[in-house]
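>
Number of protein chains: 4
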Amino acid sequence: MNGWSLPFSPKGLASTLTPPPWHYSGEVIAVEFEMSREQIAALLPDDLEVGDSTQCLAIFADWSSAADSDPRLLADPRRGQYKEAFIVVPTRADGGPAGRVPYIWVDNEVAHSRGQIQGFPKKLGEIHMTKAVALGRGGPKREVGNTFVGTLSAMGRLLMRASVTLTEAISPAQLPPLLALPQVHTRYLPSIDPELAPAHAHSMNILTDVAAGQALAGTATLEFLPSEHEELGDLGITRVGKGYLASIAMTLTGAKTMPAKPF
Amino acid sequence: MNGWSLPFSPKGLASTLTPPPWHYSGEVIAVEFEMSREQIAALLPDDLEVGDSTQCLAIFADWSSAADSDPRLLADPRRGQYKEAFIVVPTRADGGPAGRVPYIWVDNEVAHSRGQIQGFPKKLGEIHMTKAVALGRGGPKREVGNTFVGTLSAMGRLLMRASVTLTEAISPAQLPPLLALPQVHTRYLPSIDPELAPAHAHSMNILTDVAAGQALAGTATLEFLPSEHEELGDLGITRVGKGYLASIAMTLTGAKTMPAKPF
Amino acid sequence: MNGWSLPFSPKGLASTLTPPPWHYSGEVIAVEFEMSREQIAALLPDDLEVGDSTQCLAIFADWSSAADSDPRLLADPRRGQYKEAFIVVPTRADGGPAGRVPYIWVDNEVAHSRGQIQGFPKKLGEIHMTKAVALGRGGPKREVGNTFVGTLSAMGRLLMRASVTLTEAISPAQLPPLLALPQVHTRYLPSIDPELAPAHAHSMNILTDVAAGQALAGTATLEFLPSEHEELGDLGITRVGKGYLASIAMTLTGAKTMPAKPF
Amino acid sequence: MNGWSLPFSPKGLASTLTPPPWHYSGEVIAVEFEMSREQIAALLPDDLEVGDSTQCLAIFADWSSAADSDPRLLADPRRGQYKEAFIVVPTRADGGPAGRVPYIWVDNEVAHSRGQIQGFPKKLGEIHMTKAVALGRGGPKREVGNTFVGTLSAMGRLLMRASVTLTEAISPAQLPPLLALPQVHTRYLPSIDPELAPAHAHSMNILTDVAAGQALAGTATLEFLPSEHEELGDLGITRVGKGYLASIAMTLTGAKTMPAKPF
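In the order they appear, the protein sequences are chains W, B, U and S.
Take 25 as the starting number for the first sequence in the working numbering and just add one per residue.
Take 25 as the starting number for the second sequence in the working numbering and just add one per residue.
Take 25 as the starting number for the third sequence in the working numbering and just add one per residue.
Take 25 as the starting number for the fourth sequence in the working numbering and just add one per residue.
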């Protein structure tokens with residue numbers, strides 16, 4: 025029996041996952057929005073506090089991923105490429121500002137499992153994002169004046185829709201800080217054995233080679249829509265800020281786990 | 025923060041799962057097959073032994089599921105209904121014969137997560153099964169002489185195909201024992217923190233109200249096909265036995281966890 | 025080059041379709057509803073009039089299909105089985121009452137193409153329907169007191185949701201007439217050559233062996249929801265009537281074409 | 025009743041299609057291959073002859089599309105963006121060399137219907153293609169030395185897989201001619217009314233603004249795999265040539281229809 029995650033198998037090829045380092049390159053559409061401190065606090069466990077700002081981010085990301093330990097992520101684009109939609113709210117962890125992802129959806133099984141073991145609360149969804157085109161009129165070029173859209177559906181319900189109309193090129197340093205802050209997740213595996221406690225810990229990912237490339241900013245729209253399967257639609261947006269289009273990349277090498285207060 | 029599994033949310037409605045008891049009603053197409061003891065042993069962790077027989081089962085199941093704690097499983101068929109394809113091999117656990125599911129695929133997120141926390145090594149797949157029709161010529165009635173087919177694809181590859189041509193009605197007692205034996209799973213959550221061990225334990229589900237309804241048996245075919253993402257296609261079938269069509273039901277109330285030898 | 029529909033190929037196996045007769049066996053959840061005569065008229069071409077009644081039907085159907093000319097519909101359940109959601113409004117054609125399907129969604133390519141050539145305005149969608157269970161508590165048995173639900177999503181938007189809570193067994197003769205009335209479709213293939221007119225004709229299917237099996241009726245709910253890709257959500261339901269659960273079957277042997285007034 | 029294709033509706037918003045001009049911008053992975061003249065002839069109708077060369081192309085394309093008449097193609101990326109996989113073989117039409125697409129698969133309903141009315145024999149499939157990344161190690165940059173992969177599955181079967189390992193930048197003029205040759209399709213709508221002939225004509229698209237951007241070439245691999253639903257796997261590749269990665273664009277303004285010999 026070999027492998028690194030379920031299912032284990034004689035050669036270890038059936039495992040959904042292989043170990044880090046995991047490499048990520050992505051194109052993101054991100055929109056700043058604000059909620060009240062009470063609203064943000066209600067999305068955090070009791071042992072995490074709201075950060076200094078109430079600035080949040082809604083992000084659509086189109087990822088390519090690779091792992092030194094699994095050539096299939098590159099050899100089969102169906103395995104390594106995927107899209108995600110999520111929100112990040114400000115918190116504090118390990119003595120500094122951090123991001124927290126209360127809700128996230130993904131369209132790829134490997135990324136779903138890779139997230140679950142880190143504490144990302146990933147659910148399956150359908151994510152669509154405007155691609156920049158190189159030439160012609162089939163879509164927008166990556167240029168000021170053009171509009172880029174992201175949509176998220178899950179369980180057949182439209183959950184989130186955002187758009188960014190580009191007004192200026194910016195430097196990577198002008199991207200919103202929440203895009204690059206370390207994130208604190210809650211790794212949690214429920215138990216159905218009354219004598220076995222759930223696996224439960226806070227976890228901060230260890231990232232290296234975090235980089236941002238060509239970035240643009242602009243005006244934005246953002247909607248959260250209701251579904252009986254979600255609470256994203258309950259969030260009260262008090263202000264929608266700027267929108268961004270950017271190329272980003274990073275490598276995940278591991279995580280630092282911290283005790284979490286039992287629910 | 026409320027809920028029972030990730031993601032936690034203010035009202036607890038975002039959680040993929042709610043706690044047991046979980047109720048299942050299903051229609052199954054099952055095919056007996058044999059492999060060598062060596063082949064079966066290679067699918068078991070070191071601390072589980074091959075059972076007395078080398079009879080295995082390939083199963084396609086069309087499930088309806090409910091939970092006392094989540095009315096949405098019934099209110100939205102997209103949430104509670106799903107299909108699975110899996111194989112069961114014979115082992116021993118807790119002093120008696122048991123089944124072990126080395127590989128299983130499912131087409132529903134709730135069932136995927138519900139399986140993962142039990143130790144079912146569930147992956148996502150596309151499962152199709154012949155439905156019995158009530159009247160007309162659009163499909164086969166549930167009658168002797170008719171053929172029922174199951175197919176499984178994952179990552180765009182056809183992985184398993186089975187057919188059963190019914191030759192006789194049987195009593196539920198004549199169904200293969202592996203269909204109802206307790207199963208021993210390995211609950212496993214990898215860790216990317218070198219200071220945190222993976223969650224790792226064997227787990228036997230506690231089932232009540234296990235029942236089988238109308239059952240038929242017949243001749244069968246079974247194929248496992250290759251994929252670079254799986255090892256199902258490596259399994260050497262030495263004999264295909266009978267096939268079965270049956271209605272089954274059960275309630276899962278919890279699990280009994282047992283130590284597992286570290287990999 | 026052989027085949028019966030695109031794509032043609034040396035052996036004729038690549039064609040999406042083979043010729044009728046086509047056989048259908050299905051389970052339907054149907055809900056009666058009324059709209060104003062003006063609303064119904066707005067869903068009909070100028071040369072079709074509103075029928076005597078303003079009673080309409082919303083239908084979710086779980087089909088098994090077969091063709092004498094294509095054994096693959098039965099051999100591969102992925103090819104022959106599918107679900108549909110649609111509405112039927114009352115009109116008149118060929119001297120008598122008829123049904124008209126202004127909107128219909130299907131989750132199977134063969135059924136999509138089979139519909140298009142008949143004039144069914146089929147679009148792709150995701151349809152989920154409560155299945156009756158044989159035993160256990162995973163879902164409802166086909167019995168008075170139980171509730172059956174249908175949902176339709178397309179392009180990631182929830183478009184239609186219906187439920188029926190069964191109150192009585194009925195005879196097939198008590199099913200709503202629109203379920204079995206002949207239907208008049210408009211077969212239409214647009215042209216992008218200004219010198220070539222679109223293919224355009226009304227078409228009534230020729231059905232044989234129309235049959236209904238076990239049927240139940242009950243109270244119902246019905247919702248149409250908005251989407252920028254559809255006009256279903258614009259329909260003004262003035263009354264929701266009874267709901268039905270029934271097994272039905274039929275064989276389609278051909279069609280009778282009639283001239284249509286150019287748009 | 026308004027609209028341009030089925031379904032017609034009061035406002036015309038339900039139609040799957042709106043009229044040309046249609047604009048396309050895409051990224052393609054293309055692989056040259058050869059088959060015997062007999063093999064190519066077997067893929068053509070009797071009234072089309074094999075071209076001068078036996079060079080063919082297998083193409084994976086990631087498209088963005090727009091229409092002057094439908095802003096939703098840009099406003100909702102789910103509507104306007106899609107992927108296709110297809111092969112092109114050499115023929116002659118309208119007095120000159122032309123391409124013919126015997127088989128093509130697409131993952132978007134609008135593109136499926138848009139193709140059908142032109143005579144493209146489009147079927148639904150799942151297409152995955154390596155995306156070039158801007159930075160980081162999650163995927164390959166668009167640079168010499170890197171490998172790009174395309175995969176096609178339909179009906180749960182892997183049908184085609186290609187890879188290109190880039191060895192040199194080339195000028196657009198060095199791209200294979202079949203990529204830009206006019207194509208001759210067969211517009212065909214079967215009839216189930218014995219008194220109505222199928223709609224049947226050859227059709228050549230009228231394209232403007234055909235352009236190619238940054239292009240690279242390299243070594244390639246190509247596989248066609250078997251499925252009971254297709255004949256792609258029967259094609260006998262006698263030689264695999266170069267592979268290409270390129271940005272292309274065009275506008276379709278209409279078509280010129282020509283009589284086709286009845287099958």
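C-beta: ideal position from N, C-alpha, C; glycine also.
D70 of chain S: buried (16+ other C-beta within 10 angstroms of its C-beta) or exposed?
By one-based count along the fourth sequence, residue 70 of chain S stands at place 46. Exposed: under 16 other Cβ atoms inside 10 Å.
> Can you name the residues of chain C whose CB is closer than 7 Å to the CB of S88 of chain S?
Within the model displayed, chain C is absent; protein chains W, B, U and S are what it includes.
> Is H152 of chain W helix, strand or coil when you go by DSSP?
Walking along the first sequence from the start, residue 152 of chain W turns up at place 128. In the structure shown, H152 of chain W sits in a strand (DSSP, three-state: E or B).
> Express the C-alpha separation of P95 of chain W and F172 of chain S in angstroms, rounding to a whole number.
Here residue 172 of chain S refers to the residue found at position 148 when the fourth sequence is read from its first residue. Here residue 95 of chain W refers to the residue found at position 71 when the first sequence is read from its first residue. The alpha-carbon atoms of F172 of chain S and P95 of chain W are separated by roughly 13 Å.
> What's the call for E133 of chain S, buried or exposed, on a 16-neighbour Cβ count within 10 Å?
Position 109 of the fourth sequence, counting from 1, holds the residue named residue 133 of chain S. Buried.
> Near T42 of chain B, which residues of its chain fall below 6 Å by C-beta distance, leaving aside the five closest residues on each side in sequence?
Sequence index remark: in the second sequence, residue 42 of chain B carries index 18 (1-based). Hits under 6 Å: W28, A91, S93 and D94.
> Under a CB-based cut-off of 7 Å, is G75 of chain S close to chain B?
Within the fourth sequence, residue 75 of chain S is the residue found at index 51, counting from 1. Not an interface residue.
> If you run the structure through DSSP and keep just helix, strand and coil, what is R102 of chain S?
Walking along the fourth sequence from the start, residue 102 of chain S turns up at place 78. Helix at R102 of chain S.
> Measure from the C-beta of E133 of chain W to each C-beta in chain U and report whether the shortest distance is under 7 Å.
Within the first sequence, numbered from 1, the residue matching residue 133 of chain W stands at position 109. Output row for E133 of chain W: interface = no.
> In three-state DSSP terms, what is E219 of chain S?
One-based indexing of the fourth sequence puts residue 219 of chain S at position 195. Residue state, collapsed to three classes: coil.
> Would S60 of chain B be called buried (16 or more neighbouring beta carbons within 10 Å of its own) or exposed?
Walking along the second sequence from the start, residue 60 of chain B turns up at place 36. Counting Cβ neighbours within 10 Å, S60 of chain B comes out exposed, since fewer than 16 surround it.
> In chain U, which residues lie with their C-beta within 7 Å of the C-beta of L213 of chain S?
Along the fourth sequence, read from residue 1 onward, the residue named residue 213 of chain S stands at position 189. Correct list: I141, L213 and A223.
> Can you have a look at R263 of chain B and say buried or exposed, based on whether 16 or more other CB atoms are within 10 angstroms of its CB?
Counting from 1 along the second sequence, the entry for residue 263 of chain B is found at position 239. The residue is exposed, with fewer than 16 neighbouring Cβ atoms inside 10 Å.
> Taking only the alpha-carbon atoms, compute the straight-line gap between P201 of chain S and I272 of chain S and give it to the nearest angstrom.
The count along the fourth sequence starts at 1 and reaches residue 201 of chain S at position 177. The count along the fourth sequence starts at 1 and reaches residue 272 of chain S at position 248. So the two alpha carbons sit approximately 13 Å from each other.
> Give the interface partners of R102 of chain S over in chain W, defined as CB-CB distance under 7 Å, in chain order.
Here residue 102 of chain S is taken as the residue at index 78 of the fourth sequence, counted from 1. Ordered by position in chain W, the residues that pass the 7 Å Cβ test against R102 of chain S are H152 and T175.
> I'd like to know whether the C-beta atoms of A65 of chain U and V208 of chain U end up nearer to each other than 7 Å.
For the purposes of this step, residue 65 of chain U is taken as residue 41 along the third sequence, with counting starting at 1. For the purposes of this step, residue 208 of chain U is taken as residue 184 along the third sequence, with counting starting at 1. No, they are not a contact pair.
> Taking buried to mean at least 16 other C-beta atoms within 10 Å of its own C-beta, is S195 of chain W buried or exposed?
Taking the first sequence and counting its residues from 1, the one referred to as residue 195 of chain W is at position 171. Exposed.
> Can you list, in chain order, the residues of the stretch 230-250 of chain S whose Cβ is nearer than 7 Å to any Cβ on chain U?
Against chain U - using a Cβ distance shorter than 7 Å - the stretch 230-250 of chain S contributes no residues.
> Whole angstroms is fine: what's the gap from T281 of chain S's alpha carbon to P214 of chain S's?
Locating residue 281 of chain S in the fourth sequence gives position 257, counting from the first residue. Locating residue 214 of chain S in the fourth sequence gives position 190, counting from the first residue. About 18 Å.
> Between L182 of chain S and chain B, is the shortest Cβ-Cβ distance under 7 Å, so that the two count as touching?
Counting from one through the fourth sequence, the residue named residue 182 of chain S turns up at place 158. Taking Cβ atoms only, chain B reaches closer than 7 Å to L182 of chain S, which makes this a yes.
> At the 7 Å Cβ level, is A197 of chain B part of the contact set with chain U, yes or no?
Numbered from its first residue, the second sequence carries residue 197 of chain B at position 173. Output row for A197 of chain B: interface = no.
> Whether or not the stretch 181-193 of chain W and the stretch 235-249 of chain W are in contact is what I'm after, with contact meaning three or more pairs of Cβ atoms, one per stretch, closer than 8 Å; do they touch?
Yes: the two stretches touch, three or more of their Cβ pairs being nearer than 8 Å.
> Look up V188 of chain W in the DSSP assignment and give the residues it is bridged to.
What you label residue 188 of chain W is simply residue 164 of the first sequence in a count that begins at 1. Bridge partners of V188 of chain W: W:F172 and W:A244.
> Using a threshold of 7 Å, state whether the C-beta atoms of T210 of chain B and G260 of chain B are closer than that.
Residue numbering aside, residue 210 of chain B sits at position 186 when the second sequence is read from its first letter. Residue numbering aside, residue 260 of chain B sits at position 236 when the second sequence is read from its first letter. No. Outside cutoff.
> Please report how far the alpha carbon of E22 of chain W lies from the alpha carbon of T275 of chain B, in whole angstroms.
Chain W is shown only over 25 to 287; residue 22 of chain W falls outside these bounds and no answer can be derived.
> Taking only three categories from DSSP, how would you classify P201 of chain U?
On the third sequence, residue 201 of chain U is found 177 positions in, with the first residue counted as 1. P201 of chain U falls in the helix class under three-state DSSP.
> Which whole runs of the beta strand (DSSP E) in the stretch 51-93 of chain W are 3 residues long or more, in chain order?
Qualifying beta strand (DSSP E) stretches, in chain order: 79-91.
> Just checking my contact of S89 of chain S with A135 of chain S at CB under 8 Å: how many whole Å lie between their CB atoms?
Taking the first residue of the fourth sequence as position 1, residue 89 of chain S is located at position 65. Taking the first residue of the fourth sequence as position 1, residue 135 of chain S is located at position 111. With 8 Å as the limit, S89 of chain S and A135 of chain S qualify as a contact, their Cβ atoms being about 7 Å apart.
> T189 of chain B touches chain W at which residues, Cβ-Cβ below 8 Å?
Here residue 189 of chain B refers to the residue found at position 165 of the second sequence. By Cβ distance, chain W contributes nothing, its closest Cβ being about 31 Å from T189 of chain B, past 8 Å.
> Helix, strand or coil for L256 of chain W? Go by DSSP, reduced to three states.
Counting from one through the first sequence, the residue named residue 256 of chain W turns up at place 232. In the structure shown, L256 of chain W sits in a helix (DSSP, three-state: H, G or I).
> Please confirm whether K266 of chain B has its beta-carbon closer than 7 Å to some beta-carbon of chain W.
Indexing the second sequence from 1 puts residue 266 of chain B at position 242. For K266 of chain B, the answer is no, since every Cβ of chain W falls outside 7 Å of its Cβ.
> What are the residues of the stretch 34-65 of chain B that lie near chain W, defined by any Cβ-Cβ distance shorter than 8 Å?
Answer in chain order: P34, K35, L37, A38, T40, L41, P43 and P44.
> Buried or exposed, going by whether 16 or more other CB atoms sit within 10 Å of the CB of T154 of chain B?
Residue mapping note: residue 154 of chain B aligns to position 130 of the second sequence, counting from 1. Its Cβ being crowded by 16 or more others within 10 Å, T154 of chain B is buried.
> Going by DSSP in three states, A279 of chain S sits in which element: helix, strand or coil?
Sequence index remark: in the fourth sequence, residue 279 of chain S carries index 255 (1-based). A279 of chain S falls in the strand class under three-state DSSP.
> Does DSSP put P114 of chain W in a helix, in a strand, or in coil?
As a first step, residue 114 of chain W is located in the first sequence; it is residue number 90 there, counting from the start. The answer is strand: DSSP assigns P114 of chain W an E or B state.
> So is K178 of chain U in contact with chain B if we call contact Cβ pairs under 7 Å?
Taking the third sequence and counting its residues from 1, the one referred to as residue 178 of chain U is at position 154. Contrary to the premise, residue 178 of chain U reads as Ala rather than Lys in this sequence. No, A178 of chain U lies away from the interface with chain B (no Cβ there is under 7 Å from its Cβ).
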